[in-house]
Structures are given as structure tokens and as C-alpha cells.
Amino acid sequence: MEIANIHEAKARLSRLIELALAGEDVQIARAGEPLVRLVPVDINTQPRQGGQLKGQVWIGMDFDEPDPAIDAIFGGVTP
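This is how it looks when you write it as C-alpha cells:
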């Protein structure tokens, strides 16, 4: 595990990133107290799949009808 204070992390950021990418646990501390952990971003390259909520979502037939309460908020202007 690599622990670096903020000042040291600023000076050695490239090296700390390399360590994190290699799987090393890298923490950045202030006054010796760990604050954050440096971890690689998990880039998911698989395409997104839709349909997980199929049959669970219902949209009313009047969902796009004007709402008098909202019209009143905006001065009665309707499109």
C-alpha cells in the first residue's frame, strides 16, 4: 500500500497513477491521515442493454396534457 501526503502526491502524481493502474492500493493523506484512495476508472466497453423495466413502467394517457397548477406558476402561458 502506498500512502502519500497531498504535497508529495502533487509532486509524484504520475507515479502514483501508474501504481494504481498496476493494482496497488494508493491513498492520499493530509497530516498522515488518509483522505482518499486513488483507483483506476472501470470503463465498461459493453453496449448498454435496454428493457430492464419493461412492464414495470406505466405512462398515463394524459401525461402531456396541460396542468392548470403548472400553467398558473408560469403565468397561464400554454404552448
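Residue 1145 in the working numbering sits at position 26 of the sequence shown, and the numbers go up by one each step.
Ideal placement from N, C-alpha and C gives every residue a C-beta, glycine not left out.
Fair warning: this is a prediction, and the values are worked out from it, not measured in the lab.
- Separation of the CB atoms of ALA1128 and LEU1138 is rounded to 11 Å, and the pair is thereby denied contact status at 8 Å.
- For the set GLY1170, GLN1175, GLU1143 and GLY1169, the Cα lying nearest the Cα of VAL1158 is the one of GLU1143.
- Here DSSP, grouped into helix, strand and coil, assigns ARG1134 to helix.
- Look at GLU1184 here: in three-state DSSP terms it is coil, with no helix or strand label.
- DSSP, reduced to helix, strand and coil, places ALA1123 within a strand of the structure shown.
- Per the DSSP secondary-structure output, GLN1146 pairs in a beta bridge with ILE1122 and ARG1156.
- Here the C-alpha atom of GLY1174 lies approximately 50 Å from the C-alpha atom of ARG1149.
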